[in-house]
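In order, the protein sequences belong to chains A and B. Numbering-wise, the first sequence is residues 8 to 466 according to the numbering used here. Numbering-wise, the second sequence is residues 4 to 643 according to the numbering used here. Data first, discussion second: the structure below is written as structure tokens.
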Amino acid sequence: MNNDFLQNDTIAAIATPNGCGAIAIIRISGSIAIEVVDNLFNPINKNKKLINQPSYTIHLGWLYDNNKILDQVLISLFKAPNSYTGEDIVEIYCHGSPYIQKSILQTIIRKGIRLARNGEFTMRAFLKGKMDLSQVEALANLIYSKCEVTHNIAIQHIKKSYITDIKNLYKKIINFVSLIELELDFSEENFILVNKSDLYKTLFQLENIIKNMRNAFKLGNAIKEGISVAIIGKPNVGKSTLFNALINSDEAIISELAGTTRDALEHSIIINGLLFRFIDTAGIHYTMNNLENLGIKKTFEKILESQIILYLVDVYSFEEKKIHDIINYFNKHYPLKKILIIVNKSDLGNFTFKKNDYVYIISAKYNTNIKDLINAITNLVYNNIVKDDSIITQNIYYEALNGTLKSINNVKKGLYKNLPEDLLTIDIRLILNFLSKIIGKINNEDILENIFSRFCIGK
Amino acid sequence: MFINYDVIVVGGGHAGAEAAAAAANMGSNTLLITMNIQLIGNMSCNPAIGGIAKGQIVREIDALGGYSGLITDKTMIQFRMLNKSKGPAMWSPRAQSDRRRFTEEWRLTLEAIPNLDLFQDTVTSLLIKGDKVIGVCTIMGLKIKSKSVILTNGTFLNGVIHIGNKKINGGRISEKSSLGITEQLKNLGFSSGRMKTGTSPRVDGRSLNYSKMFKQQGDNPSKQFSYLNTINLNHQRNCYITYTNEQVHDIIRNNLDKSPIFNGSIKSKGPRYCPSIEDKIYRFQNKDQHQIFIEPEGWNTIEVYINGFSTSLPADIQYKAMQKISGFEMVKIFKIGYAIEYDYFPPTQLNYNLETKIINNLFFAGQINGTTGYEEAAAQGIMAGINAHLKINEKDPFILKRNEAYIGVLIDDLINKGTQEPYRMFTSRAEHRMLLRQDNADERLTPISYKLNLASIERMQKLENKLKKIKSCLFFFENKDILPEEINTILKEKKLSLINKSNKINVLLLRPEISIKDIVSIPIIYNYIKEHNLNEEILEEVSIQIKYKTYIEKELKNANKLLQLENISIPSNFDYSIIKSLSSEAIEKLNLYKPFSIGQAYRISGISPSDINILLLYIHTKKKINKKNSINKKNSIFYI
């Protein structure tokens, strides 16, 4: 059983809205909050220990992860019981870049602090008698909706590529546990159902997938490099012009994060507080034969790694009746990606079709309607891609991935040491517990169920 | 003819005998009514007690002050500790008992209890006044009054025995079934179902050729179930193992249509983990053999029990098939196997104290609740006996939690989840099995039972003495250095890497290859053991506490988390329908089960974690408001 709302362990979360503000606040609540931050914190005044500082004080210094500086931060202390949650609270004011926020949060989580669930600070406040009754129903609704899966495309993208494998492995492991339990409970009948090397192999497969997933999450595309937007289209429709128009627009701030741009044809910019990675691609020739050029192959790779596709046409080649064909094509082949059709070179021709939710008419060369397009892209993100809890969700996965790896390691060690099976199952069950968080709640499968039909047991 | 009793126990099986003993020992005037006073505590199936998870239950019953362990110790003819190669949570004592001696010891034990009367009769109905039971009526036409009644009818309620297409009314072979009670309870609003179980043939041991079988011997030295001093066996009887083969299977396969399970005359569910031989052969076509255990029925008898060959096939088919088993060529049958169908009452109709929700002071224990097994029945019996006594004395019910005892897991599962097939305990049902070990049942339960005035002072003193010795031995092991020269010869002998500086004893014991037995010969340890008079039991537990410390602590942590939920109680009159955010399924189930705690609510099927969180909010709110209300009566929406 896992009831998050009754745990009194220490929790952390980013308290400021998702995205890139000037400053972000990371809030940590619980008994080890001060101690953990103390160990990461290097104050200006070197002799200062947070643990000795009074409540309601603020402290300047640097946060370190091992020897690496994460950020210069301000830290304020609110000691129990006179804090929002009634527990010790530490608030870290760091710079607002999502990368920094994330790095700090991940460092804290590695030190044994758990990520807060939606509403958990509030819940704690409530349980400590810090809230009044009128807020209860609202809180209840919040909790009720907490299981709703975020529509974050990045996560779905990563999840989708692994989920089937993980589900299969999950089932396999359930099977292993069931068989082990069966061996244990029916050991009088002396049968061996579990092939330990198979179990080891399954764990190894799982470990690889989880590691890949973790790498994908850990400072991965979704988090580190922003929301990727691929500009595609036939040659000479003005892709590079649009690319330049976007990155040079008034709204765009060129990202200063080192290493975010992959090559000359990519640029990371921050628009309306969101980090985007725009990708220019080679033109697609539908008539081109397969051998002709690597560029096109690369274009399709870019489509795969992007979350939003800007499909560019020009007024000459565009026919309104093809809109649906194009949209259907992308919905069919790239169902998780959002697509906008952009008709360029509006300065050059007469056209009869109208702008709608999918189709934008611009002139990249003269910056016509670029601002509209930018707003359309950010709205798309706000409406579809990023919900407020997307960072949280990502980190819940991250936490579960780390937990899985740790438990896999324990089981492997146990197998190596020839640990009795009943002890082995303690950690195998933990793996299942973590996996169920990643793949969503699976019906509580009774370990003993389904097995009786397959194995003959019982005197 | 009769006094007004405090407790009447209907049925003298494992549940009834423990129930009557517990109630009487706590001070209730108790009457045990049974159809056959010669068969108290009879083993209807195989003559063995304990086994995996079941052995732990017997230790728990003993720690509470019950008798199943003592009686097994006095009547056992073979003892084995199963699963010694696994972790200590899996170690499970199991004994073969002398069947006749077992019932004899039960009878003598009950006769020795002062407040306990015995009466041979058949109860046909309950005396009910309003929503309360006030006694029983018997087939002899007698009315006997009491403050409470415990029903432990086993397989007797409308029992029907099946052998081939023969149907005989009966509760066991050659014993009558019990009619009337089911119908009356149904009229009172109880729902009932049918279950099926079966048993194996008993044969003449002289007709078997043991040289064709594998011998299974008892442990030497043997151990005991009871925490009180009982004596070791100085000799034991052997069991034997043989196997079925394709010839046996062919005979059975060709006669499946004669088995009531297959021809449709038995429709009720039997235990999947204890299938009949015809079921095994039908369902597992690719298995070319099944294990058969030959268990002696007693010290002196030639009768043996054929475990693994439970069947309801016609007698001649049973015989023909058995003849083909290796070693059974000349077999002579004493008693044929049979299947039995009986009524049970889905246990979700019970409260935690095993009292029915519909009728006050009426308790159910044993197979009537859909369980199977002597140990499961006895466990419910002792709990029902204790709780009947507590109820009529207006005391709080005695409830064991899932992290305290297998008995707690058993009752919690039964009343919250019910059961679709005869319920048997498995270690895998206990999420904290690491804590529920056979070695520490006394530590877990004797103090609670002593406070209830059931476990004797003798038990309590033994426990305190044991704990004291364990504590000081642990302290000694944690602080005493062993020099390399003291241990290296032992390490060398075991071909293990040697040590070059001194180690504390507990550090040495942490090495998986080193057991406590390996180091008891080291002089300082040897002297300590002698000086403090430590027995094997204490050394073993010290070793468990050292070797499995991290696992035990992990489990304790998990259990404590769970306990937080258990400790949040829900008012009994809580109306769930006022909570709009709960799913309608949750509202319906919660109003039906009326859980006592958030923990219990969580285990009800169909209740989701978000339901629980919402519930928590309201429970907390209500408490807070109640507090406020005592000063200021406002906010009555949440005030129920």
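The beta-carbon is built from N, C-alpha and C at its ideal position, and this holds for glycine as well. Only a predicted model underlies this, so the values are computations on that prediction, with no experimental measurement involved.
{"query": "Does B:Met216 get closer than 8 Å to chain A when you measure Cβ to Cβ?", "result": "no"}
{"query": "Secondary structure at A:Ala229, three-state DSSP: helix, strand or coil?", "result": "In this predicted model, A:Ala229 has a pLDDT of only 44, less than 50, meaning its place in the structure is not dependable; the value taken from the coordinates is given anyway. Correct three-state label for A:Ala229: helix."}
{"query": "Just checking my contact of B:Asn7 with B:Ser149 at CB under 8 Å: how many whole Å lie between their CB atoms?", "result": "7 Å"}
{"query": "Verify the contact flag: B:Ser128, CB atom, against every heavy atom of the ligand COA, threshold strictly below 7 Å.", "result": "The ligand COA is absent from the structure shown, which contains no ligands of any kind."}
{"query": "If contact is defined by three or more beta carbon pairs under 8 Å, each pair taking one atom from either stretch, is the region 411-431 of chain A in contact with the region 201-210 of chain A?", "result": "yes"}
{"query": "Taking 8 Å as the threshold (beta carbon to beta carbon), is A:Ser467 in contact with chain B?", "result": "Look at the range of chain A in this structure, 8 to 466, and you will see that residue 467 of chain A is not part of it."}
{"query": "Does the separation of the CB atoms of A:Arg284 and A:Ile234 fall below 8 Å?", "result": "yes"}
{"query": "What is the DSSP secondary structure of A:Asn182, counted as helix, strand or coil?", "result": "helix"}
{"query": "Is the number of C-beta pairs between the region 25-37 of chain B and the region 123-139 of chain B that are closer than 8 Å three or more?", "result": "yes"}
{"query": "Mind pulling the alpha helix (DSSP H) runs of 4 or more residues that sit fully within the region 189-253 of chain A?", "result": "203-224, 228-231"}
{"query": "From A:Val44 to A:Lys109, what distance separates their C-alpha atoms?", "result": "15 Å"}
{"query": "Using a Cβ-Cβ distance under 8 Å, would B:Leu85 count as near chain A?", "result": "yes"}
{"query": "Go through its chain and collect everything with a Cβ distance to A:Lys174's Cβ below 7 Å, but skip five positions before and after it.", "result": "Ile446"}
{"query": "Quick one: what's B:Gly196 bridged to in DSSP?", "result": "B:Tyr347"}
{"query": "Find the residues of chain B that neighbour A:Leu439, judging by a C-beta separation of less than 9 Å, and give them in chain order.", "result": "Under the 9 Å cutoff, chain B gives no residues; its nearest Cβ is about 13 Å from A:Leu439."}
{"query": "Alpha carbon to alpha carbon, how far is A:Leu122 from A:Ala20? Give it in angstroms, no decimals.", "result": "6 Å"}
{"query": "Could you tell me whether any Cβ in chain B is nearer than 8 Å to the Cβ of A:Pro427?", "result": "yes"}
{"query": "Which residues bound the alpha helix (DSSP H) around A:Phe441?", "result": "428-446"}
{"query": "In its own chain, which residues sit with a C-beta less than 6 Å from the C-beta of B:Ser279, not counting the 5 before and 5 after it?", "result": "Gly201, Ser313, Thr314"}
{"query": "Is it buried or exposed, B:Gln464, if we count other Cβ atoms within 10 angstroms and call 16 or more buried?", "result": "exposed"}
{"query": "For A:Ile120, decide whether its Cβ has a neighbour in chain B, counting only Cβ atoms nearer than 8 Å.", "result": "no"}
{"query": "State buried or exposed for A:Leu355, treating a residue as buried only when at least 16 other CB atoms are found within 10 Å of its CB.", "result": "exposed"}
{"query": "Per DSSP, which residues does A:Trp69 bridge with? Please list them.", "result": "A:Asn49, A:Gln79"}
{"query": "Just the C-alpha distance for B:Glu332 and B:Leu211, rounded to the nearest angstrom, thanks.", "result": "7 Å"}
{"query": "If contact means a Cβ-Cβ distance below 7 Å, which residues of the region 176-206 of chain A contact chain B?", "result": "Glu188, Leu191, Asp192, Ser194, Glu195, Glu196"}
{"query": "Please tell me whether A:Lys424 has its Cβ less than 8 Å away from any Cβ of chain B.", "result": "yes"}
{"query": "How should B:Gly173 be labelled, buried or exposed, when 16 other C-beta atoms within 10 angstroms of its C-beta is the threshold for buried?", "result": "buried"}
{"query": "Let me confirm a value: B:Glu2 is counted as buried when at least 16 other C-beta atoms fall within 10 Å, else exposed. Which label applies?", "result": "Not covered by the structure: residue 2 of chain B. The range shown for chain B is 4 to 643."}
{"query": "Anything in the region 542-559 of chain B with a Cβ closer than 8 Å to a Cβ of chain A? List those residues in chain order, please.", "result": "Tyr551, Tyr554, Lys557, Glu558"}
{"query": "Find out if the Cβ-Cβ distance for the pair B:Ser180, B:Phe159 is shorter than 8 Å.", "result": "yes"}
{"query": "Among B:Gln548, B:Leu236, B:Val12, which has the Cα closest to the Cα of B:Pro91?", "result": "B:Gln548"}
{"query": "State the CB to CB distance for the pair B:Leu357 and B:Asn406, rounded to an integer number of angstroms; the pair is presumed to be in contact (CB under 8 Å).", "result": "20 Å between Cβ atoms; not a contact."}
{"query": "At 4 residues or longer, and completely inside the region 313-362 of chain A: list those alpha helix (DSSP H) runs for me, N to C.", "result": "330-340"}
{"query": "By Cβ distance, which residues of its chain are closer than 6 Å to B:Leu130, with the 5 residues on each side in sequence left out?", "result": "Ile137, Gly138"}
{"query": "Look at the Cβ atom of B:Leu494, then the Cβ atom of B:Lys550, and state whether they are nearer than 8 Å.", "result": "no"}
{"query": "Do A:Ile111 and A:Ile33 count as a contact pair if the criterion is CB distance below 8 Å?", "result": "yes"}
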